[in-house]
Amino acid sequence: MKHVIITGASKGLGFALAKQYVEEGAVVHTLSRSEVSLKDVNAHQVDIGQLDQLEHVMTTIFDQLQGNVTELLLINNAGVVEPVGRVGSLQNEEIASHFTVNLTAPVILANLFVKLSESYSAPKTVLNISSGAGRSPMDGWNVYCSGKSGLDMFTKTAAVEQEEATNPIRFYSLAPGIIDTNMQSTIRSADQSRFKHVDKFKAYKEDGNLVKPEVVSDRIIHGVLKDSHENGALLSIRDYL
């Protein structure tokens, strides 16, 4: 059986991925703060910002693996966009919380995934959901851009470390595009004095340029993860739309 671990699966892209993988017969394990309203998933209600909870939940998941494991996949999807604002205007606690969720937690989860999956010979993949903002700076998103850039570099570095592995784990980082999710609503509600690009994001919604999570999910499952890429590749969903 294919086993898929997805963070941030209670809504948006994470929910769409979990739903589609269940429908296609995979065993899905979700990590979310909120309840996941899906049947036939192994749901773990956990705040990934609470780092001391991560080892327990990942160990629990691997302890539950049964039968013939044909593939293992970790999708680090959970993330936040706030705080928004220029350097010098942010609260220290908000900065620390942001990096905990968007960078530290995914790195810890990937570290645990590599460690706990060592005895499995099945194909293994870590897909980090990044952002185009990690590859191009934006005024007011200094924290968000930095965290996603860090996730991209972690992906590339982890892939380099797999070069001598007998059964190397694939590490990919994906910019998922502009998806119609709650995060986009948060972006559109930002004060222009803190994020000068807010009108552009409002126009994406008004002009119908936001992509449905289900569309992105399908392209990830049947496009991105089906294709062969260099390990450590920084990918974009735009190449699949």
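Numbering of the sequence shown is given in the numbering used here, commencing with residue 820 and proceeding in unit increments.
Ideal Cβ positions, reconstructed from N, Cα and C, are used throughout, including at glycine.
Source: prediction; values computed, not measured.
**Request:** Taking A897 as the reference, give the member of A924, V855 and L1044 with the closest Cα.
**Result:** Selected option, being the one with the closest Cα: A924.
**Request:** Rounded to whole angstroms, what's the CA-CA distance from H822 to S908? Just pull it up for me.
**Result:** The straight-line gap from Cα to Cα measures roughly 43 Å.
**Request:** Taking E890 as the reference, give the member of H875, V926 and G844 with the closest Cα.
**Result:** Among H875, V926 and G844, the Cα nearest to that of E890 is on G844.
**Message:** Suppose the cutoff is 6 Å on Cβ atoms and the five residues either side in sequence are ignored; what does the same chain contact list for K943 look like?
**Reply:** Excluding residues within five positions, the ones whose Cβ falls inside 6 Å are L891, S936 and I988.
**Request:** With DSSP as the reference, label T889 as helix, strand or coil.
**Result:** For T889, the three-state secondary structure derived from DSSP is coil.
**Asked** What do you reckon, are the CB atoms on D958 and K1015 nearer than 8 Å?
**Response** Against a cut-off of 8 Å, the Cβ pair of K1015 and D958 comes out as a contact.
**Item:** Reference F847, options S968, L836 and V1035, closest by Cα
**Value:** In the sequence on display, residue 847 carries Val and not Phe. The residue with the shortest Cα to Cα distance from V847 is L836.
**Message:** The alpha helix (DSSP H) that contains K1021, what's its start and end?
**Reply:** Run containing K1021: V1017 to E1025, per the alpha helix (DSSP H) assignment.
**Request:** Using the Cα positions of I1056 and L946, report the straight-line distance between them to the nearest angstrom.
**Result:** Straight across, the Cα-Cα distance linking I1056 with L946 is about 13 Å.
**Prompt:** By the 10 Å Cβ neighbour count, where 16 or more other Cβ atoms means buried, how is H917 classified, buried or exposed?
**Reply:** Burial call: buried.
**Request:** Leaving aside the five residues before and after A1052 along the sequence, list all residues of the same chain whose C-beta is less than 6 Å from its C-beta, in chain order.
**Result:** Cβ-Cβ distances below 6 Å link A1052 to Y991 in the same chain, with the five nearest sequence neighbours on each side left out; the list follows chain order.
**Prompt:** Alpha carbon to alpha carbon, what distance is there between F834 and Y963?
**Reply:** So the two alpha carbons sit approximately 22 Å from each other.
**Message:** Tell me the DSSP secondary structure of Q864 in three-state form.
**Reply:** In the structure shown, Q864 sits in a strand (DSSP, three-state: E or B).
**Item:** Cutoff 7 Å; reference G953; Cβ partners in own chain excluding five residues on either side
**Value:** Counting only Cβ-Cβ distances below 7 Å, and skipping sequence neighbours, we find C964, K967, S968, L970 and D971.
**Secondary structure of I997, DSSP reduced to three states** = Correct three-state label for I997: coil.
**Prompt:** In chain order, what residues of the same chain have a beta carbon less than 8 Å from the beta carbon of V1043, not counting five sequence neighbours either side?
**Reply:** The residues are L946, Y991, L993, L1054, I1056 and Y1059.
**Asked** So who's on the other strand from R989, going by DSSP bridges?
**Response** Paired residue(s): T944.
**Request:** Let me know if H863 comes out buried or exposed under the rule of 16 or more other beta-carbons within 10 Å of its beta-carbon.
**Result:** Buried: at least 16 other Cβ atoms inside 10 Å.
**Request:** Mind reading off the beta-carbon distance from I867 to T826? Whole number of angstroms is fine, and I expect it under 8 Å.
**Result:** Between I867 and T826, the beta carbon gap of about 6 Å places them in contact (Cβ cut-off 8 Å).
**Message:** Could you compute how far the alpha carbon of D1010 sits from the alpha carbon of V903?
**Reply:** In a straight line, the C-alpha of D1010 is about 9 Å away from that of V903.
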